[in-house]
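Residue numbers (the numbering used here), protein chains in the order written: chain E, 22 to 468; chain W, 22 to 468.
Quick reminder that beta carbons are idealized off the backbone N, C-alpha and C, glycines included.
In what follows, a structure is listed as C-alpha cells, so that the remarks can point back to it.
There are 2 protein chains.
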Amino acid sequence: MRFVIIGGDAAGMSAASRAGRLRRDMEIIVFEQTHDVSYSACGMPYNIGDPEASMESLVVRRAEDFREKQGIDLRTGHRVDMIDRGKHIISGEKENGEPFECGYDKLLIATGASSIVPEVPGITNDGVYFLKDLRDGRMIRNYLETGSVKKAVILGMGYIALEMADALRKRGVHVTMVKPRKRLLPWLNEELSHVIVDELEKNGVELYPGHSVDTIEKTGSGLTVVCDDRSFECQLVIPAVGVKPNSGIAAAAGLDLDDFGAISVDRRGRTNDPDIYAAGDCADAFSVVTGSKVWVPLALHANRSGRVAGENICGMDTTLKGIACSAVFKVFELEVARAGINPAEARAAGFDPLEVVIASRSRAHGHPGNKTIHVAMTGDKKTGRLLGVQMAGAEGVAHRIHSFAVALHNSMSAEDFWQADLAYAPPFGPVWDPLLTAAGQLLRKSE
Amino acid sequence: MRFVIIGGDAAGMSAASRAGRLRRDMEIIVFEQTHDVSYSACGMPYNIGDPEASMESLVVRRAEDFREKQGIDLRTGHRVDMIDRGKHIISGEKENGEPFECGYDKLLIATGASSIVPEVPGITNDGVYFLKDLRDGRMIRNYLETGSVKKAVILGMGYIALEMADALRKRGVHVTMVKPRKRLLPWLNEELSHVIVDELEKNGVELYPGHSVDTIEKTGSGLTVVCDDRSFECQLVIPAVGVKPNSGIAAAAGLDLDDFGAISVDRRGRTNDPDIYAAGDCADAFSVVTGSKVWVPLALHANRSGRVAGENICGMDTTLKGIACSAVFKVFELEVARAGINPAEARAAGFDPLEVVIASRSRAHGHPGNKTIHVAMTGDKKTGRLLGVQMAGAEGVAHRIHSFAVALHNSMSAEDFWQADLAYAPPFGPVWDPLLTAAGQLLRKSE
Numbered sequence: 022m023r024f025v026i027i028g029g030d031a032a033g034m035s036a037a038s039r040a041g042r043l044r045r046d047m048e049i050i051v052f053e054q055t056h057d058v059s060y061s062a063c064g065m066p067y068n069i070g071d072p073e074a075s076m077e078s079l080v081v082r083r084a085e086d087f088r089e090k091q092g093i094d095l096r097t098g099h100r101v102d103m104i105d106r107g108k109h110i111i112s113g114e115k116e117n118g119e120p121f122e123c124g125y126d127k128l129l130i131a132t133g134a135s136s137i138v139p140e141v142p143g144i145t146n147d148g149v150y151f152l153k154d155l156r157d158g159r160m161i162r163n164y165l166e167t168g169s170v171k172k173a174v175i176l177g178m179g180y181i182a183l184e185m186a187d188a189l190r191k192r193g194v195h196v197t198m199v200k201p202r203k204r205l206l207p208w209l210n211e212e213l214s215h216v217i218v219d220e221l222e223k224n225g226v227e228l229y230p231g232h233s234v235d236t237i238e239k240t241g242s243g244l245t246v247v248c249d250d251r252s253f254e255c256q257l258v259i260p261a262v263g264v265k266p267n268s269g270i271a272a273a274a275g276l277d278l279d280d281f282g283a284i285s286v287d288r289r290g291r292t293n294d295p296d297i298y299a300a301g302d303c304a305d306a307f308s309v310v311t312g313s314k315v316w317v318p319l320a321l322h323a324n325r326s327g328r329v330a331g332e333n334i335c336g337m338d339t340t341l342k343g344i345a346c347s348a349v350f351k352v353f354e355l356e357v358a359r360a361g362i363n364p365a366e367a368r369a370a371g372f373d374p375l376e377v378v379i380a381s382r383s384r385a386h387g388h389p390g391n392k393t394i395h396v397a398m399t400g401d402k403k404t405g406r407l408l409g410v411q412m413a414g415a416e417g418v419a420h421r422i423h424s425f426a427v428a429l430h431n432s433m434s435a436e437d438f439w440q441a442d443l444a445y446a447p448p449f450g451p452v453w454d455p456l457l458t459a460a461g462q463l464l465r466k467s468e
Numbered sequence: 022m023r024f025v026i027i028g029g030d031a032a033g034m035s036a037a038s039r040a041g042r043l044r045r046d047m048e049i050i051v052f053e054q055t056h057d058v059s060y061s062a063c064g065m066p067y068n069i070g071d072p073e074a075s076m077e078s079l080v081v082r083r084a085e086d087f088r089e090k091q092g093i094d095l096r097t098g099h100r101v102d103m104i105d106r107g108k109h110i111i112s113g114e115k116e117n118g119e120p121f122e123c124g125y126d127k128l129l130i131a132t133g134a135s136s137i138v139p140e141v142p143g144i145t146n147d148g149v150y151f152l153k154d155l156r157d158g159r160m161i162r163n164y165l166e167t168g169s170v171k172k173a174v175i176l177g178m179g180y181i182a183l184e185m186a187d188a189l190r191k192r193g194v195h196v197t198m199v200k201p202r203k204r205l206l207p208w209l210n211e212e213l214s215h216v217i218v219d220e221l222e223k224n225g226v227e228l229y230p231g232h233s234v235d236t237i238e239k240t241g242s243g244l245t246v247v248c249d250d251r252s253f254e255c256q257l258v259i260p261a262v263g264v265k266p267n268s269g270i271a272a273a274a275g276l277d278l279d280d281f282g283a284i285s286v287d288r289r290g291r292t293n294d295p296d297i298y299a300a301g302d303c304a305d306a307f308s309v310v311t312g313s314k315v316w317v318p319l320a321l322h323a324n325r326s327g328r329v330a331g332e333n334i335c336g337m338d339t340t341l342k343g344i345a346c347s348a349v350f351k352v353f354e355l356e357v358a359r360a361g362i363n364p365a366e367a368r369a370a371g372f373d374p375l376e377v378v379i380a381s382r383s384r385a386h387g388h389p390g391n392k393t394i395h396v397a398m399t400g401d402k403k404t405g406r407l408l409g410v411q412m413a414g415a416e417g418v419a420h421r422i423h424s425f426a427v428a429l430h431n432s433m434s435a436e437d438f439w440q441a442d443l444a445y446a447p448p449f450g451p452v453w454d455p456l457l458t459a460a461g462q463l464l465r466k467s468e
C-alpha cells in the first residue's frame, strides 16, 4: 500500500512518522515544495528578536534525517498542483520545472496555510516581507542584519503582528502598527485589550488603528506606507493580517470545504473521499465547546491531527476529540492566553453568556514580586457550564490556561471548576487561584 | 441562631465570612487562642528568607477588620478546651486564666494542625524553633536578626523543611538536614528525588539522611545536635518532621476520627454530630482519585472546606467534590509539584499502576533559556485512567500541575488527556506539552 502525503511540515511529517512506525511494510512518499521540513515556525518572531540566534536553530529535524533514520521517501522541491481522485494520482512540478506524478492508495493533504496578501498597491515591493515559512524568516533576519532597517511598519495586530513588534523593538527598530479596525485583537475582552495596548505603548510601539493602507510606495530611502490621512517612512513592511488555509487543490478536486475555506474533515481526519485525509492548518476541527466546526491553524492540533490521520490510514481507529481553541502568546513582558469562546461567540452558538472580569494576583498576599493577572471568564447562564476564558498578566498566565482547557474538554460547570484542587504555594499564586476566583464570581453572578 | 467557630485561621474565618454574608441575622462567634487570624502561614519560610521583609506583611486581615467591617464577634486569646455536645456548650480559658463558656446551635471545629514534636531530649531547649503559626515565624525572624545564627540543623526533609533550608541559605546560614529515613520525600519518584538532592547540594545544603537524632545538647556556643555517629554544632534547630491534626477536643467529645487522627467529616463538612461541622487542617477529605478518605492539611482546601461548612450551616446544600492532593513548592531554583497518587498508593488502592518517567523541556526547540522538566506519571493499566503525576524543573512546573489536577477531578484517561488542546507558544513549552508527552508514553506503554 502506498501512502502519499502532500506537505512536509508539522501535520505531514507527524503522519509520515507515525505511519512509518506502525506499518513498516507501507510505502510512504511525502511531497514538500520547500526544502524545510519539521521546524518551529512559531519560533520565528522570537528568533528574529534575538540578535545572537540563528534561524537554523529552529530546525527540529532535517529532510535527510527523515530519509535516512526513518526511511521516509521525502521529496523536497516538489509542488503538488492537482489531485486526480478518479485515477488516484497526484501531479505537480519540481523546482526545476519538470512535471511529476505519483499514484496513491491513501492520500493525506497537509498543505498548511499561507499569509493573506492585502490588496494594497506596492505590496510586492522590495522591503515588504511576509512571515510564514523558514525562507521568509531567513530573509527578514538577513535584511535586519544589513543594519539598514531603522523603522518598520506592521500591517495587522494579531498574534504574529504583536510578536513581530516585540522582536523588532528588541532589535532597536522603531515600529508602527497599522490596521483598519479600531480594536486590537477583536476577540479579546476590552479591558484586557487595554492591558496589551498599555504594554505596547510602554515599549515604544506606535499604534495606528482604525486606518487602512492606500499604497506602499518605493522612495529613495526605502518605503512609504501611505494611509488615508498619514504616511510612514520605513525600510521594512510586514503584512501580518492573517492566514488562510491552502485548500485550493482540495477544492479543485471536488473535496468539501467548510465556511472558513478549510478542508472539511470528520473526527478521523477524513475528507468526503474515503481515500483522502487532511490534517493541520489546511483542515478544520470540531470545537469541544460548541461541537461545531472551527478553523484554528495552530501547531499542536497540526501535529496531533497529522498523527491521528496517520494512525487511521494504518488501520487504527482514532478519533480526534476536538479543540478548545487554546492559544497563548508573549508580547514584551506580557503573557496573553485564551481558551474556549467569548461572549459574542457564545451568543452566536446559542448560549446565554455571562461574563466576569477580575484582576487577581500572580503570587500570594505579602509575597514580593506580585503582578496583576487579568481574567475574563464566560459561562452559560442556563446550564452553568464554562465556555471560555481570556487572561493577561506579566507572569503566571501561560500555563494556567491549560487547566481551563482541560475543564472545557470535560464540559465542566463553574461550580465544579470552583472546586478544583489546584496546587498552591506563595511564589506561584494566591490561595484562591485567579481562575478559581473568577469561577466563584461567575457562580455568584448566576445565582 | 448562634453559630460558634473554634479556630480563627483559614477555615474558621472563611466559614465566618461566608455565613456572615449569607445570613445577616445569624450570631457568629469565633474563638481563637492566638491574636493572629487570616494570615499567609505558607508564606513564612519565604518571608524568613528575605532580609527586607516584615512578618506582618503576611497578615491578610486583622482581627479588628473582621469585627468592624464584617460584624463578626471574634474573640482572640480564647482557648477552647471542651465541647459538651449534650448541653450544646463549649468551654475554655482566656489568656488571663479566666474560664469562659458559650452555647451554640451549630458549631464548627477549625482547630487546624500542629507540628509534630519529635521525642528527642533537648527538644525544648532555647534555639529550637518550630514553624507553625505567625508567633513562631516572628520568633525565628527575630532570632535571625540578632546575627548570632551561623549554622542551623533542620530535622526532617518535607516541604517546610526544604523551604526553610532555602530560606536559611538565603540568609547566609549554613544548613544541615537530618532525617531518619534514607529517602528525601518518600512519596516522590526516585529519579525526581535525585533532582532535588542535586539542587540542595548545589546550594550548599548538607544532607544527612538515614540518621536519627539522639539528643539536642545545650553548649557554650549554642546547641549540638547529636546523631548516632556524628554531631552538629549550631545555633538554631528547626524540627519540621510533619504536622498532626488538632483533633483532641473533638475526640474527647466523642466525635469520629479517621485513621489519620483527623476529624471525620462527610461531603458537607459535617461530623457524626449533625450540629457539629469540622473544616480545614483538623478534618479529612475525600480523594477524587480513590474516593477514600485522605488527610492533606493544605491552605486551599482549608479555605474551601470552611466556606462550604459555612454555607451548609446557613441552610445551603453544598457538597465538597474532594481533593486531588495537589501540592507545589519551590526549593532554590526548582519547582516541584504533584497531584493524585503515586504507584505505591495506587497499588494500595487496588489499581494496577503503570508509571512513565520522562525528561522534557520548558520551552520550544531552539528557544533560548530552555530548562529540563522531569515528569513521573501514573495511570491505571486496566482502565487507562490517570492516577497521578509528579514534576520537577526550574520553570514551568507550578501551573502545569493544575491541568492534571482538573483531569483527575474528571477521572480522565491518558487517551483523553493526550488529546487536550493545551496552549502552545515557544517561550512557554514544547509543542507537545511535557504532560501530553508523558500521557502519550503512558498510552503506548499500556498498549
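- In this structure the stretch 433-453 of chain E touches the stretch 318-327 of chain W; the number of beta carbon pairs closer than 8 Å is three or more.
- Apart from sequence neighbours up to five positions away, the residues of its chain that approach residue 148 of chain W with a beta-carbon distance below 7 Å are 243, 244, 256, 257 and 258, ordered along the chain.
- Residues of the stretch 49-64 of chain E whose Cβ lies closer than 7 Å to any Cβ of chain W, in chain order: 61, 63 and 64.
- Interface criterion met: the Cβ of residue 453 of chain E is under 8 Å from a Cβ in chain W.
- Between residue 440 of chain E and residue 363 of chain E, the CB-CB gap reaches or exceeds 8 Å.
- Looking at the DSSP output, residue 253 of chain E bridges to E:246.
- Per DSSP, the continuous beta strand (DSSP E) segment holding residue 351 of chain E begins and ends at 348-352.
- Only residues of its own chain outside the window of five on either side were considered, and among them 98 have a CB closer than 7 Å to the CB of residue 116 of chain E, listed in chain order.
- Between residue 196 of chain W and the set W:42, W:253, W:120 and W:211, the nearest pair of CA atoms involves W:253.
- Apart from sequence neighbours up to five positions away, the residues of its chain that approach residue 328 of chain E with a beta-carbon distance below 6 Å are 35 and 39, ordered along the chain.
- Nearest neighbour of residue 139 of chain E by Cα position, chosen from E:251, E:86, E:264 and E:206, turns out to be E:264.
- Secondary structure at residue 461 of chain E: helix, using DSSP grouped into helix, strand and coil.
- Beta-bridge pairing by DSSP links residue 149 of chain E to E:258.
- The beta-carbon of residue 341 of chain E is placed less than 8 Å from the nearest beta-carbon of chain W.
- Residue 391 of chain W has its alpha-carbon roughly 37 Å from the corresponding atom of residue 153 of chain W.
- DSSP, read as helix, strand or coil, puts residue 112 of chain E in strand.
- Residue-level contact by beta carbon holds for residue 389 of chain E and chain W, with a gap shorter than 8 Å.
- Leaving aside the five residues that flank residue 84 of chain W on each side, the residues in its chain whose CB is nearer than 6 Å to its CB run, in chain order, 58, 95 and 97.
- Between the stretch 279-289 of chain W and the stretch 184-198 of chain W, the count of Cβ pairs shorter than 8 Å is below three; the stretches do not touch.
- Residue pairing for residue 123 of chain E: DSSP places it in a beta bridge opposite E:111.
- Between the alpha carbons of residue 131 of chain E and residue 459 of chain W lies a gap of roughly 26 Å.
- The shortest CA-to-CA distance from residue 142 of chain W to any of W:199, W:246 and W:89 is the one to W:246.
- Here residue 329 of chain W carries a helix assignment [DSSP, helix/strand/coil].
- Against chain E, the CB of residue 289 of chain W has no partner CB under 8 Å away; the residue lies outside that interface.
- Separation of residue 22 of chain E and residue 332 of chain E (C-alpha to C-alpha, rounded to the nearest whole angstrom) is 14 Å.
- Cβ-Cβ separation between residue 127 of chain E and residue 24 of chain E: approximately 5 Å, consistent with a contact (criterion under 8 Å).
- Nearest to residue 457 of chain W by C-alpha distance, out of W:401, W:403 and W:381, is W:381.
- When only Cα atoms are considered, residue 135 of chain W and residue 266 of chain W end up about 6 Å apart.
- For residue 324 of chain W, the neighbours in chain E by C-beta distance under 9 Å run, in chain order, 452 and 453.
- Using a Cβ-Cβ cut-off of 8 Å, residue 150 of chain E does not count as an interface residue toward chain W, since no Cβ of chain W sits closer than that to its own.
- Assignment of residue 297 of chain W by DSSP, reduced to helix, strand and coil, places it in the strand class.
- Burial check for residue 342 of chain W: the Cβ neighbour count within 10 Å reaches 16 or more, so the residue is buried.
- Non-local beta-carbon contacts of residue 125 of chain E in its own chain, meaning distances under 6 Å to residues more than five positions away in sequence, involve 23, 25 and 109 in chain order.
- Inter-segment contact for the stretch 339-359 of chain W and the stretch 417-432 of chain W is present: three or more beta-carbon pairs are separated by less than 8 Å.
- In this structure, residue 226 of chain W lies near residue 190 of chain W, with their beta-carbon atoms less than 8 Å apart.
- Within its own chain, the residues whose Cβ lies closer than 7 Å to the Cβ of residue 171 of chain W, once the five positions on either side in sequence are excluded, are 194, 195 and 256, listed in chain order.
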